[in-house]
Structures are given as structure tokens and as C-alpha cells.
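K.L.:
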Amino acid sequence: MKRLFICIFLGFFLGITSVIVTHEILKNKRIATFVESVETSITEEPVEPVILEPEKPVYAKIFDEDENMTEETFLISEKEIKIPVLLYHEFYEEEPDKKLYGSVSTPEKFEKDLLNIVGEGFKVISLNRMIDYKNGVKGIPKNSVVITFDDGYMSNYTLIYPILKKYKIPATIFIIEDLLGTEGYMTWEEAQIMNGEGLVTIYSHGFSHVDMTSLMPNDFASKISNNFAKMEEMLGKPEHLVYSYPYGFYNKETNTILKDMGVEAVMTTDKGLNDVKDLEAGIIRRDYVAYNFSGLKILRILNGK
Ligand SMILES: [Zn+2]
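Residue numbers (our numbering): 97 to 401.
1) Span of the beta strand (DSSP E) holding Val269?
2) Per DSSP, what are the beta-bridge partners of Ala361 in this structure?
3) Taking 7 Å as the cut-off, is the beta-carbon of Asp307 closer than that to any non-hydrogen atom of ligand 1?
4) Straight-line CA distance for Tyr155 to Ser240?
5) Under the criterion of a Cβ to heavy atom distance below 7 Å, does Asp274 qualify as lining ligand 1?
6) Pairs of beta-carbons, one from the region 312-319 and one from the region 271-288, closer than 8 Å: are there three or more?
7) State the CB to CB distance for the pair Ile271 and Ser304, rounded to an integer number of angstroms; the pair is presumed to be in contact (CB under 8 Å).
8) Sorry if obvious, but does the Cβ on Pro180 come closer than 7 Å to a heavy atom of ligand 1?
9) Can you tell me whether His336 sits near ligand 1, meaning its C-beta is under 7 Å from at least one heavy atom of the ligand?
10) What's the call for Glu186, buried or exposed, on a 16-neighbour Cβ count within 10 Å?
11) For Met290 and Thr254, what's the separation of their Cα atoms in angstroms?
12) With a CB to CB cut of under 6 Å and the five nearest residues on each side skipped, what residues in its chain are close to Glu293?
13) With distances taken between CB atoms, is the gap from Lys230 to Leu395 smaller than 8 Å?
14) Could you check what DSSP says for Lys195 in three-state terms: helix, strand or coil?
15) What is the DSSP secondary structure of Asp246, counted as helix, strand or coil?
16) What I want to know is whether the C-beta of Pro203 ends up closer than 7 Å to one or more non-hydrogen atoms of ligand 1.
17) Residues in its own chain within less than 6 Å of Asn388 by CB, not counting five upstream and five downstream?
18) Specify the secondary structure class of Ala156 as computed by DSSP and reduced to three states.
19) Can you tell me which of Gly391, Val362, Asn399 puts its alpha carbon nearest to the alpha carbon of Arg381?
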């Protein structure tokens, strides 16, 4: 009896171990392939665009070539749309104080998060690409994920931008007009450099970091319209009109005002994956990634668990 128990226990233990080991081997292989593909992507042949038959129930009709599109590219059906959008804020070179874990991370941890995401088989796409997809213009890979940063901290430029460039990872930074150039925040020039180089897109997080739902509708409309004009003056015509709500606070009225202005998507802090309904409404969910989130915790977020 005792021997049988030991056998069952050993079998169970070996089974679990082999699953974990296989997962780790696969993950490390994906990371190695990813790093290698980043290094060789300049010489890579462009992928042929694929056009689907019109009767296929897909959201996006075509995809074109770009650095994220490889033979692994899929066209996905509406049912399969479940896009995680991750949210970061500020970064310190040293480990942040525990109470700041939710909003401050380090470049080392961010790089680890990135490799973990890629290692788990996810593809980082730009927010613009997700909106093209929502508009039915372009396809996206299966297991797409979008990375965003709120507030426009200087550390996004000094500590994170080099990592994004190293791995050619697209990202979107939402800046606050009246904080630009103040202590700890990036300058217009830094925003222009990143936006101009193409890997990072800069969009608005408001003229000020205030709760937009606390403003009178007319006041909100005129201030936000001036803010969009300033963004365009400083950064050029945006590819899409996207807005991120300070504190994630929004209501029906603010959404309607922005929609009437031509805003295609608003970024919230409502957690969860974005399905077809979220995309169509243009009200985008985001999950923040804290400094103490493990690879497993991030994997759960990416899978909506
Ligand atoms: Zn914010």
C-alpha cells in the first residue's frame, strides 16, 4: 500500500515536472527566436499580403507586411478577439518603495516582462495597429498584446525607450499637456523624437491630470479640443485620434463628446481583455502591470484570468 502511494506520488511529481520543464524549454526557445529575429529583421523579405475571401467571418480583411508580421501571422475571427492592453507608468533605476509597486517599475523588470510576454507566444502590436484592426483595415496576429504608458514620465524616454528600440517593440505613451517639461516628465522635444522615429506613438492623456467627469461638458469639450490642436501642432497629424482618461474616470457624456470630435478609442483602466464589443465601442480596457507581478501573474492577465 505504502509502495503504491509512493508510486502514485512519484508519477504525479514527474508528470508535473515534465510539464513545467517542457513549458520552460518552449518559452526559452521562443525568446531566443524572437531575439534572433529582431537582430536579422532588417534583411528579412517582406511577407506577401494575403486577401481573404469576402464570405469569411473575419473582422479584418487584409494584413500587410511589417516587422511584427511573420509566417506566424494569423487572421482571427470576431469570436477569437481578446486583446490585452497593458498599462505602465513610471520607472526608477532602483527598486521602488513597496507602496509604489503599482505605478513604478524598473527597466530590468520591464525588459523581463517583455521577454516573458514574447516567450509565452504573445506578439506586441502597436495601438495604431489595433485601431486599424478595429476599423477592419488590417489584420493582427493571434495572441496580440498592446503596451501603453500613461502620464509621460521622463523615465519613459530615458530608461524605457532604449529597451523598446533594442527589441523593436511598439508602444504608446499618453502625455499630459501641462506637465510636459516639468520635473520628472518628458519634454515636448523628447515626445517629438519618439513620435518621429515611429516605434512609439504619443497621444493625449489630457490638458491636465484632472478628473474629466468633474468638468462641465462645454468646458471639457473646449479644453480637450484645444489640447488636440496643441498635440497636432507639436507632433503633427496623428495616425488615429485616441485619448486616455486621467485616473480612468469617464462617463457616457465624456465618451459622446469625444466620439463627436472623431476620437476613435478611449483608454480606460477597466480591467480585462478587449473583445469585439469593446473594440466596436472604442472603449478600451487596460490592465496595469505592477513591479511585483510575476511572469505567471502577467500570463494570467494576458489570458484574461
Ligand atoms: Zn494618469
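Beta carbons are placed, not taken as given, at the ideal position from N, Cα and C, and that holds for glycine. This one's a predicted model, so the numbers in the text were calculated from it and none came from an experiment.
P.N.:
Looking at the atomic coordinates:
1) In the sequence as presented, Val is not what sits at residue 269; that position holds Ile. Run containing Ile269: 267-271, per the beta strand (DSSP E) assignment.
2) Partner(s): Val338.
3) No; taking the cut-off as 7 Å, the Cβ of Asp307 has no heavy atom of ligand 1 nearer than that.
4) Note on Tyr155: pLDDT 40, under 50, position unreliable in the model; the coordinate value appears next. Roughly 14 Å between the two C-alpha positions.
5) No, the Cβ of Asp274 stays beyond 7 Å of every heavy atom of ligand 1.
6) Taking 8 Å as the limit for Cβ pairs, the verdict is that the region 271-288 does not touch the region 312-319.
7) Cβ-Cβ separation between Ile271 and Ser304: approximately 12 Å, too far for a contact (criterion under 8 Å).
8) Within 7 Å of the C-beta of Pro180 there is not a single heavy atom belonging to ligand 1.
9) His336 Cβ: outside cutoff for every heavy atom of ligand 1.
10) Counting other Cβ atoms within 10 Å of its Cβ, Glu186 reaches 16 or more and is therefore classed as buried.
11) Between the alpha carbons of Met290 and Thr254 lies a distance of about 11 Å.
12) Excluding sequence neighbours, Glu293 sits near nothing in its chain.
13) With respect to Leu395, Lys230 sits apart: the two C-beta atoms are not nearer than 8 Å.
14) Assignment of Lys195 by DSSP, reduced to helix, strand and coil, places it in the helix class.
15) In the three-state reduction of the DSSP assignment, Asp246 falls in the strand class, which pools E and B.
16) Pro203 has its Cβ no nearer than 7 Å to any heavy atom of ligand 1.
17) Once the five neighbours on either side are set aside, the close Cβ partners of Asn388 are Tyr197.
18) In this predicted model, Ala156 has a pLDDT of only 38, less than 50, meaning its place in the structure is not dependable enough to derive any value.
19) Arg381 has its Cα closest to that of Val362, out of Gly391, Val362, Asn399.
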